[in-house]
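A short worksheet on the structure shown next.
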Amino acid sequence: MKEAHSVEENLKVIRQRIKDACERVGRNPDEIEIIPVTKTVAPERMKEAIKLGFTSVGENRIQEAEEKIEQMKGNEFFPDWHFIGHLQSNKVKNVVQFASMIQSMDRVKIARRLNRELKKLDRTMDVLIQVNVSGEDSKYGIQPGKSASFIKEIANFERLNIKGLMTIGLFSDDWPKVRLGFRRLREIRDEIEALGIENVSMRYLSMGMTNDFELAIEEGANMVRIGRALFGERMTPDSLYWPGIKTTNH
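Under the working numbering, the first residue of the sequence shown is numbered 15, with each subsequent residue one higher.
Right, here's the structure in full:
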């Protein structure tokens, strides 16, 4: 089996790729925030990333996040947790216990329930609106043409701080088409900014993952979600990658 590179070595490669992408379009690499995606990544490997200066991580599954948080209690550096997966209504009570941001908001029902749970805790939460710019049925997210009306509706929930948009790129090696999706999200961001909706910020454009983050950066992303390029290939779902993990679908 090929020996895995350290997180630090992988990060150097990623930062160079980001720098190159920024140079191609005249952007500053310091504008780009990397969110390490820790799906199936063991806490010890996560700690390597945190020691390198990452203050936030992204998780797709709530139970997996809860398991890791329990194991990382007492760690000198403890990250903020971004929930980036599809949020089920029966898991809203769980996610408010650990997440600092939800990047996958796409339903009024979830926004309403989240607002209610946050009221109970007397806190607020940053959220990004997930937009399905690829049009793929397999992906969640608001349809591009409904983004503005959706944001206007959930902007009324006082416990939610709308901070930008998120998308998952087209799953394809047709790179011009992938690029068009990222460009469309940037255009939607600009359109929403121009509306000047009260209590809405378009600070973050979260798009781009291991396979396509350079394209996303060239099209305006300032937050990229990177897992495999940073941590290496994922373990299989039935692998006991760290002690106590319970593999369920979330």
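Cβ coordinates follow ideal geometry from the N, Cα and C atoms, glycine included.
Item, Value
"Closest by CA to Leu219, which one among Ile182, Lys87, Gly67?", "Ile182"
"Does DSSP put Ala162 in a helix, in a strand, or in coil?", "helix"
"By a C-beta neighbour count over all protein chains shown, 10 Å radius and 16 as the cutoff for buried, is Phe68 buried or exposed?", "buried"
"Could you check the C-alpha separation between Val109 and Ile124 for me, to the nearest Å?", "11 Å"
"Comparing alpha-carbon positions, which option in Thr52, Val51, Ile49, Arg31 lies nearest Asn42?", "Arg31"
"Using a 10 Å radius around the Cβ and a threshold of 16 neighbouring Cβ atoms, would you call Asn213 buried or exposed?", "exposed"
"Label Val192 either buried or exposed according to how many other C-beta atoms from any shown protein chain fall within 10 Å of its C-beta, with 16 as the threshold for buried.", "buried"
"From the DSSP output, which residues share a beta bridge with His96?", "Gly72, Met115"
"Pick helix, strand or coil for Asp271, following the three-state DSSP scheme.", "Since the first residue of the chain shown is 15 and the last is 264, residue 271 is not available in this structure."
"Does the Cβ-Cβ distance between Gln77 and Ile98 come in under 7 Å?", "no"
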